[in-house]
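Add 1 to the 1-based position in the sequence shown for the working numbering, that's all there is to it.
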Amino acid sequence: MASKNSGRKQAPPGGAGTSRREALRQAQAAQAAHQRRVRMALIIVCAVAIIAVIVVVALGATGRLSPGKDEPTATNLGEQITPPHANDDGSGILSPLNTSDSAPTLVVYEDYQCPICQTYEQQLGPVFRSLAASGKIRIEYRTRIFLDRNLEQVNAANGTPESSKRAAMAAVCADEVGRFQEYHDAAYAAAPAQEGDGYPVQQLREEIAEAAGITGDDLTRFQSCVDQNQAQSFVENVEQAGMDAGVTATPTFQVNGNPVSFQGVDIKSEESVLEAIRAAA
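As structure tokens, then:
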């Protein structure tokens, strides 16, 4: 006789226990995976933190985290100035030596880091200044700073970043205390012999200032202007104006937008130099 239960399916051996063990195994696997993810996240966080510390230490060692006089920032960017002898459109500075409003204006494009500019200043500068003082010409300086880009790595390696710009700003600050021409001339006289050596900040704010005759309260005012980069906007505007004018080399001399060449000119003769300037007018 068949049993009453003969038609029922038999549960797999150990069925209920196996299901519970499988569920437990899956839960344990999920927990282990979660723990692995947590450990990995902690490792990543620690690695990022270590890298950040290394970067901070490295930057701190090079002085890049504590900008000073060598590093214009929003914290030391003072009220911007327009120098007393700025021309009408702010594209340059007129020499304080000018005595005539009607004489031809010699526009001088130069860069304080340009060695050829220094040579021209040494040879022709005194002649230009004498002609301006006698009312025969007017001088307008449009100082470029593009050599900062060309010499960026060399200047940085020498600890003199943005030397063209800093020298130009210092000269503008000197105009604030009535010593632009003196500072301009002293800066070129002190220009480094090797291109890219640049101007240390101390030299710009102390040594060249002293050579330009800036003393006392004027020196304090000048150095404050330098330290706060108060001439930055003006200098950058002059640079942009030079770019817009298509001037790509220094030194460049112009009268009424026409180029002036001193090739073959007796540069020791004021009359010869004046004739070359008038020929371009």
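Idealized CB from N, CA, C, for every residue including glycine.
- Here residue 244 is exposed, its C-beta having fewer than 16 other C-beta atoms within 10 Å.
- In the three-state reduction of the DSSP assignment, residue 129 falls in the helix class.
- Residue 246 and residue 238 have their C-alpha atoms roughly 12 Å apart.
- A contact between stretches requires three or more CB pairs, one per stretch, nearer than 8 Å, and the stretch 198-208 meets this requirement with the stretch 162-173.
- Of the residues assessed, residue 150 falls on the exposed side of the cut-off, its CB having fewer than 16 other CB atoms within 10 angstroms.
- A residue is called buried once 16 or more other Cβ atoms fall within 10 Å of its Cβ, and residue 103, having fewer, is exposed.
- By the Cβ neighbour-count rule, residue 241 is exposed, with fewer than 16 other Cβ atoms within 10 Å of its own.
- Rounded to the nearest whole angstrom, the C-alpha separation of residue 188 and residue 274 is 24 Å.
- In the displayed model, residue 254 falls within a strand according to three-state DSSP.
- Secondary structure at residue 248: coil, using DSSP grouped into helix, strand and coil.
- Take the alpha-carbon of residue 234 and the one of residue 266: they are about 37 Å apart.
- Under the DSSP definition of a beta bridge, residue 145 partners with 112.
- With respect to residue 256, residue 98 sits apart: the two C-beta atoms are not nearer than 8 Å.
- Per DSSP, reduced to three states, the secondary structure at residue 220 is helical.
- DSSP lists 139 as the bridge partner or partners of residue 106.
- Collapsing the DSSP output to three states places residue 205 in a helix.
- For residue 82, no alpha helix (DSSP H) segment is defined, and its DSSP state is neither H nor E.
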